[in-house]
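Each step along the sequence shown adds one to the number in full-length UniProt numbering, with nothing skipped, and position 152 is 152. Glycine included, each C-beta is placed from N, C-alpha and C at the ideal position. What you are looking at is a predicted structure, and each value in this text was computed from that prediction instead of being measured.
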Amino acid sequence: MSQAPADAAARRAVAPVICYPNDTLPVPDLALYAAAREGAEKIAEVVVLPREAACFRVGAGEFFRISSVEGPQVGDLNLWNADDLTERFYSGKTRALHGTHVTRGERLWSSFPHLRAMATIVADTLEWYGIDDFGGSVHDVIGTRCDPYTGNLLSGVQYHHCCHSNLTRAVAEELGVSLTEAEGHVHDVLNVFMCTGFTRDTGQYFMKASPVRPGDYLEFFAEIDLLGALSACPGGDCSAEHTSDSAACYPLMVEVFRPVAGALRGWQSPARNGYDRSHGR
Ligand SMILES: [Zn+2]
Numbered sequence: 001m002s003q004a005p006a007d008a009a010a011r012r013a014v015a016p017v018i019c020y021p022n023d024t025l026p027v028p029d030l031a032l033y034a035a036a037r038e039g040a041e042k043i044a045e046v047v048v049l050p051r052e053a054a055c056f057r058v059g060a061g062e063f064f065r066i067s068s069v070e071g072p073q074v075g076d077l078n079l080w081n082a083d084d085l086t087e088r089f090y091s092g093k094t095r096a097l098h099g100t101h102v103t104r105g106e107r108l109w110s111s112f113p114h115l116r117a118m119a120t121i122v123a124d125t126l127e128w129y130g131i132d133d134f135g136g137s138v139h140d141v142i143g144t145r146c147d148p149y150t151g152n153l154l155s156g157v158q159y160h161h162c163c164h165s166n167l168t169r170a171v172a173e174e175l176g177v178s179l180t181e182a183e184g185h186v187h188d189v190l191n192v193f194m195c196t197g198f199t200r201d202t203g204q205y206f207m208k209a210s211p212v213r214p215g216d217y218l219e220f221f222a223e224i225d226l227l228g229a230l231s232a233c234p235g236g237d238c239s240a241e242h243t244s245d246s247a248a249c250y251p252l253m254v255e256v257f258r259p260v261a262g263a264l265r266g267w268q269s270p271a272r273n274g275y276d277r278s279h280g281r
């Protein structure tokens, strides 16, 4: 243990500043999105089976809703630009811009060099939850995705239905590529409905039973053409563990809605990031 300096208390007392004040981010026109959603027609539905994953596609200007249908269940979401899989959801930058958990009005941002909004959250029935007394909240961008490598590292188990593996299999099937190639596309997720935080005393990542119930949903507006993959986590509501078949697990539903023509007048799919990297990075 290192020795505290004489002015330790003064150094600790320095007030924090926000790393990325986000009041200059482009503001989504939620009223326009809501109006467009009013008359939107459901065009697709995908049911994600427990301890499996499924892919879905959403066009720019369409909506997709992830719903709890049979019991408390969390989902691990990956998103890609449907036309360029190198542009994918960047959970770390989304966290830096919006905080540890996301909700209505916040956006999912894409990887470098694109760094633009891929999707905007337009509805969240768990918005009421806020931040609980443990520092927990829902829909986190602080976890990764449960994976078999960490399970093996910590427990020596060989488990094949972690979200990482489920997403890999779903992507391989969707794209018609090998599992090895598909695995390279899988990335850190938005943990939909998962209730998580960091312990105050040790700073460790924690989870607790999700407050989600059948009928709850998280809904997004697709800012660009998207390929999505969603895994129904083997942890179920993630109240206990997630790298085994011991938790009760339920399906999740993804629905896609298309607004009527002209309903999004004035909206434009965001351009790729304007930073000119020819001058150095
Ligand atoms: Zn998982």
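Roughly how many angstroms lie between the CA atoms of residue i and residue j, to the nearest whole one?
i           : j    : result
V256        : Q158 : 35 angstroms
S269        : A9   : 49 angstroms
W267        : A40  : 16 angstroms
V46         : C162 : 20 angstroms
E183        : L77  : 14 angstroms
Y33         : G151 : 41 angstroms
A271        : G156 : 45 angstroms
L30         : Y275 : 26 angstroms
I43         : A261 : 14 angstroms
E174        : T24  : 37 angstroms
Y205        : T196 : 7 angstroms
H115        : V27  : Here residue 115 turns out to be Leu, not His, going by the sequence shown. Roughly 15 angstroms between the two C-alpha positions.
P21         : P259 : 33 angstroms
L97         : T120 : 13 angstroms
Q73         : Y149 : 23 angstroms
A240        : L264 : 43 angstroms
S278        : P113 : 12 angstroms
L252        : R51  : 10 angstroms
H242        : Q3   : 39 angstroms
D237        : A6   : 47 angstroms
A13         : L85  : 45 angstroms
I18         : G215 : 35 angstroms
R200        : E127 : 23 angstroms
M207        : D133 : 13 angstroms
G280        : S67  : 44 angstroms
residue 350 : Y250 : Since the first residue shown for the chain is 1 and the last is 281, residue 350 is missing from the structure and cannot be characterised.
G176        : W109 : 26 angstroms
For residue i versus residue j, is the C-beta spacing smaller than 8 angstroms?
i    : j    : result
V122 : E219 : yes
T94  : Y217 : no
G130 : F198 : no
P234 : D225 : no
F193 : F63  : no
V138 : H164 : no
Assuming residue i contacts residue j under a Cβ cut-off of 8 angstroms, what Cβ separation, rounded to an integer in Å, is found between them?
i    : j    : result
V48  : G71  : Incorrect: roughly 13 angstroms between the Cβ atoms, too far for contact.
A117 : R104 : Not confirmed; about 14 angstroms, so no contact.
A15  : L227 : Incorrect: roughly 43 angstroms between the Cβ atoms, too far for contact.
A60  : E223 : 6 angstroms
L79  : R65  : Their Cβ separation, rounded to whole angstroms, is 14 angstroms, which puts L79 and R65 out of contact at 8 angstroms.
V171 : A229 : 6 angstroms
E167 : S231 : One detail in the question is off: residue 167 reads as Leu in this sequence, not Glu. Contact holds; Cβ gap of about 5 angstroms.
R169 : L153 : Not confirmed; about 21 angstroms, so no contact.
Could you pull out every unbroken alpha helix (DSSP H) segment of at least 4 residues lying fully inside the stretch 116 to 198, listed in chain order?
-> 148 to 155, 163 to 175, 179 to 185
Would you check if the stretch 144 to 158 and the stretch 184 to 199 touch, i.e. whether three or more CB-CB distances between them fall below 8 angstroms?
-> yes
Could you say if the stretch 197 to 212 and the stretch 45 to 56 meet the contact criterion of at least three C-beta pairs nearer than 8 angstroms?
-> no
Contained beta strand (DSSP E) runs [length at least 3] in the stretch 199 to 263, N- to C-terminal order = 205 to 208, 217 to 222, 226 to 232, 252 to 258
Enumerate, from N- to C-terminal direction, the unbroken alpha helix (DSSP H) stretches of 4 or more residues contained entirely within the stretch 82 to 120.
-> 91 to 98
Minimum length 3: unbroken beta strand (DSSP E) runs contained in the stretch 35 to 84 = 41 to 48, 53 to 58, 63 to 68, 75 to 81
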